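Here's the structure we're looking at; comments come further down.
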Amino acid sequence: MTTETTEDRGLLHNKWFQLSVGLLCMAMIANLQYGWTLFVDPIDAKHGWGRAAIQIAFSIFVFTETWLVPVEGWFVDRYGPQVVVLVGSLLVGGSWVIDSQATSLPMLYLAAVVSGVGAGCVYGTCVGNALKWFPQQRGLAAGITAAGFGAGAGATVIPIANMIASQGYEHTFLVFGIGQGLAIFALSWFLRKAPKSDGPARKGNLVQTKIDYAPARVVRTPVFWLLYIMFVMVASGGLMAAAQIAPIAHDFHVADSPINLFGLVLPALTLAISIDRVLDGAGRPFFGWVSDRIGRENTMFIAFGTAALAIILLTQLGRNPVLFVVFTAMFFCVFGEIYSLFPATAGDTFGSKFAATNAGMLYTAKGTAALLVPLSSLIASHFGWHAVFYIAASFNLVAAVLALFVLKPLRANFLQADDYGLQAVGATAER
Numbered sequence: 079m080t081t082e083t084t085e086d087r088g089l090l091h092n093k094w095f096q097l098s099v100g101l102l103c104m105a106m107i108a109n110l111q112y113g114w115t116l117f118v119d120p121i122d123a124k125h126g127w128g129r130a131a132i133q134i135a136f137s138i139f140v141f142t143e144t145w146l147v148p149v150e151g152w153f154v155d156r157y158g159p160q161v162v163v164l165v166g167s168l169l170v171g172g173s174w175v176i177d178s179q180a181t182s183l184p185m186l187y188l189a190a191v192v193s194g195v196g197a198g199c200v201y202g203t204c205v206g207n208a209l210k211w212f213p214q215q216r217g218l219a220a221g222i223t224a225a226g227f228g229a230g231a232g233a234t235v236i237p238i239a240n241m242i243a244s245q246g247y248e249h250t251f252l253v254f255g256i257g258q259g260l261a262i263f264a265l266s267w268f269l270r271k272a273p274k275s276d277g278p279a280r281k282g283n284l285v286q287t288k289i290d291y292a293p294a295r296v297v298r299t300p301v302f303w304l305l306y307i308m309f310v311m312v313a314s315g316g317l318m319a320a321a322q323i324a325p326i327a328h329d330f331h332v333a334d335s336p337i338n339l340f341g342l343v344l345p346a347l348t349l350a351i352s353i354d355r356v357l358d359g360a361g362r363p364f365f366g367w368v369s370d371r372i373g374r375e376n377t378m379f380i381a382f383g384t385a386a387l388a389i390i391l392l393t394q395l396g397r398n399p400v401l402f403v404v405f406t407a408m409f410f411c412v413f414g415e416i417y418s419l420f421p422a423t424a425g426d427t428f429g430s431k432f433a434a435t436n437a438g439m440l441y442t443a444k445g446t447a448a449l450l451v452p453l454s455s456l457i458a459s460h461f462g463w464h465a466v467f468y469i470a471a472s473f474n475l476v477a478a479v480l481a482l483f484v485l486k487p488l489r490a491n492f493l494q495a496d497d498y499g500l501q502a503v504g505a506t507a508e509r
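For what it's worth, the working numbering labels the leading residue of the sequence shown as 79, then goes sequentially.
Structure follows, in structure tokens:
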């Protein structure tokens with residue numbers, strides 16, 4: 079066991095230090111999802127497997143990343159975050175090493191499974207840990223943590239693109255895979271389990287449960303399944319855009335169009351991905367902070383509605399290189415907030431004790447949404463990208479309406495039932 083001095087223990091058990099470690103861990107897995115789009119066309123150019131077949135690997139990654147998070151969350155709730163993230167680091171590093179050697183689709187898919195399990199270990203652990211360390215500021219904490227996943231690839235998009243161009247995608251997989259794995263391995267030793275929650279917050283538009291709901295009970299509530307459906311609807315559009323942004327840019331003939339940004343000239347696609355990552359990351363803590371103040375459902379309505387508008391504008395005006403960058407940035411700025419709002423809402427509704435497992439169960443909605451990514455390629459090949467965009471915009475609009483007019487009253491009634499239940503228990507005890 080590691081011996082900690084009093085000073086070390088104070089730092090390691092500081093909630094902002096723990097949040098920072100989680101943020102850095104998340105940044106190290108961001109490329110597994112958001113850097114993937116840069117590899118699709120080079121892989122296809124070398125092997126000729128086709129975009130749709132290659133993108134199945136992306137769906138496998140997201141599916142395995144999400145669907146095992148409840149299991150990983152169970153281990154975190156029982157044994158703490160350190161060991162789960164340590165195991166994740168080995169899988170994250172090994173997955174891109176496999177990718178660097180892949181000479182067949184099955185091998186590419188195997189790497190996707192390994193990377194998905196590794197990323198899930200890191201993602202589910204860090205978000206669940208943040209919800210526990212910050213019971214009164216769940217939106218902000220989940221947003222900051224998720225920002226690492228959203229913006230982490232922002233600093234590496236250009237180096238990855240340049241390395242692929244100069245040394246090939248195989249070498250790029252190898253170098254970045256080993257580097258990311260080692261970084262997470264080192265960071266895992268600093269993670270600590272959160273202390274017991276100080277209790278629920280009830281101020282303004284933010285109301286939290288007084289009861290810790292076990293996962294078996296959570297999945298029997300209508301609130302959980304409404305949240306799940308909304309998560310699937312919104313996530314599907316964002317995942318399509320994240321996975322297909324490079325193919326879309328090429329089909330719109332704007333990918334290599336030069337754009338001058340303050341004297342720096344970059345291809346539209348490279349600039350768009352870089353800006354998207356930064357704004358995606360920044361939007362997560364911002365909207366989480368907003369939701370801590372005006373309520374989760376009100377924030378969802380604003381964000382989902384804005385996302386729908388951005389998609390429609392991209393459909394109509396995206397063949398202009400500058401507008402392509404502007405409207406993809408607008409979309410990703412509001413898309414990433416689902417990864418702060420949904421776990422925060424789950425924590426508020428179902429309590430802190432099982433927060434990692436419950437948030438992990440909800441997070442599997444992302445895996446369900448990922449199944450639609452290859453379908454988007456097929457729809458685009460038959461009907462064009464406009465059809466894909468209109469479907470994504472419709473999903474966001476429906477989710478926005480559900481948040482304000484269905485989820486909000488349903489969750490209010492659920493939390494009110496908590497109070498009645500506790501009052502009844504108290505009255506019985508007094509007798």
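Think of the CB as a built atom: it goes at the ideal place given N, C-alpha and C, for glycine as much as any other residue. Quick caveat, the model's predicted, so the values are computed rather than measured.
Could you spell out the range, first to last residue, of the alpha helix (DSSP H) harbouring residue i?
{"i": "L485", "result": "Element bounds for L485: n/a, residue is neither H nor E."}
{"i": "I289", "result": "Neither: I289 is in no alpha helix (DSSP H) and is coded neither H nor E."}
{"i": "N436", "result": "A433 to A448"}
{"i": "N338", "result": "N338 -> not in any alpha helix (DSSP H); beta strand (DSSP E) instead, spanning P336 to L339."}
{"i": "L269", "result": "Run containing L269: none; DSSP gives neither H nor E here."}
{"i": "A131", "result": "R129 to W145"}
{"i": "F212", "result": "Note, F212: premise wrong, no alpha helix (DSSP H); not H, not E."}
{"i": "E415", "result": "Where E415 is concerned, there is no enclosing alpha helix (DSSP H), given that its DSSP letter is neither H nor E."}
{"i": "R374", "result": "R374 to L395"}
{"i": "K44", "result": "Summary: the structure shown does not reach residue 44, with the chain confined to residues 79 through 509, and so no result is reported for it."}
{"i": "G166", "result": "Q160 to Q179"}
{"i": "N474", "result": "W463 to L480"}
{"i": "K274", "result": "First-last for K274: undefined, no H or E at that position."}
{"i": "V118", "result": "T115 to H125"}
When burial is assigned at 16 or more other CB atoms within 10 Å of the CB, is residue i buried or exposed?
{"i": "N474", "result": "buried"}
{"i": "T181", "result": "exposed"}
{"i": "Q245", "result": "exposed"}
{"i": "N109", "result": "buried"}
{"i": "F461", "result": "exposed"}
{"i": "G230", "result": "buried"}
{"i": "S459", "result": "exposed"}
{"i": "G88", "result": "exposed"}
{"i": "Q494", "result": "exposed"}
{"i": "P159", "result": "buried"}
{"i": "G267", "result": "What sits at residue 267 in the sequence shown is Trp, not Gly. So W267 ends up on the exposed side."}
{"i": "D177", "result": "buried"}
{"i": "K124", "result": "exposed"}
{"i": "Q394", "result": "exposed"}
{"i": "R64", "result": "Residue 64 falls outside the range modelled here, since the chain spans only 79 to 509, and no answer is possible."}
{"i": "K210", "result": "buried"}
Give me the residue from the options with the minimum Cα distance to residue i.
{"i": "F405", "options": "F428, W152 and I323", "result": "I323"}
{"i": "L342", "options": "G226, A327 and I236", "result": "I236"}
{"i": "F410", "options": "P421, A220 and D358", "result": "D358"}
{"i": "W252", "options": "S173, A190 and L186", "result": "Residue 252 is actually Leu in this sequence, not Trp. Nearest C-alpha to L252: S173."}
{"i": "T377", "options": "G425, F413, P159 and L349", "result": "F413"}
{"i": "G171", "options": "I242, G257 and V99", "result": "G257"}
{"i": "T49", "options": "L480, S418, L449 and S454", "result": "Here the chain has residues from 79 to 509 only, and residue 49 is not among them."}
{"i": "D370", "options": "W127, S178, F420 and Y112", "result": "F420"}
{"i": "I289", "options": "F428, A465 and A447", "result": "F428"}
{"i": "K271", "options": "V484, E248 and H91", "result": "H91"}
{"i": "C204", "options": "A190, M185 and F95", "result": "F95"}
{"i": "D426", "options": "M439, N398, T442 and G373", "result": "G373"}
{"i": "Q215", "options": "F254, A422, T442 and A448", "result": "A422"}
{"i": "V451", "options": "V312, L480 and L391", "result": "V312"}
{"i": "L305", "options": "A443, Q111 and H464", "result": "A443"}
{"i": "V301", "options": "Q111, L488 and S137", "result": "L488"}
{"i": "I107", "options": "A447, F263 and F467", "result": "F263"}
Spatial neighbours of residue i within its chain, please: CB distance less than 6 Å, with the 5 preceding and 5 following residues excluded, ordered by chain position.
{"i": "M408", "result": "A388"}
{"i": "G206", "result": "G151, V154, A433, A434 and A437"}
{"i": "G259", "result": "S167, V170 and G171"}
{"i": "I351", "result": "V235"}
{"i": "V162", "result": "E150, F153, V154, C199 and T203"}
{"i": "F212", "result": "A219"}
{"i": "Y247", "result": "F117 and P120"}
{"i": "L401", "result": "L395"}
{"i": "A465", "result": "I457"}
Name the two residues that bound the continuous beta strand (DSSP E) containing residue i.
{"i": "V343", "result": "L342 to P345"}
Is residue i near the ligand ATP, in the sense that its beta carbon is under 6 Å from a heavy atom of that ligand?
{"i": "G151", "result": "Among the components modelled here there is no ligand, and therefore nothing to report on the ligand ATP."}
In its own chain, which residues sit with a C-beta less than 7 Å from the C-beta of residue i, not counting the 5 before and 5 after it?
{"i": "L183", "result": "W127 and A131"}
{"i": "A381", "result": "F365, V412 and E415"}
{"i": "I353", "result": "V403 and A407"}
{"i": "A208", "result": "L97, G100, A219, A220 and T223"}
{"i": "L391", "result": "F405"}
{"i": "W463", "result": "I326 and D329"}
| Contained alpha helix (DSSP H) runs [length at least 4] in the region 300 to 335, N- to C-terminal order | 300 to 329
| request: Any chance you could list the alpha helix (DSSP H) runs of at least 4 consecutive residues sitting entirely within the region 190 to 265, in chain order? | output: 216 to 229 and 235 to 245
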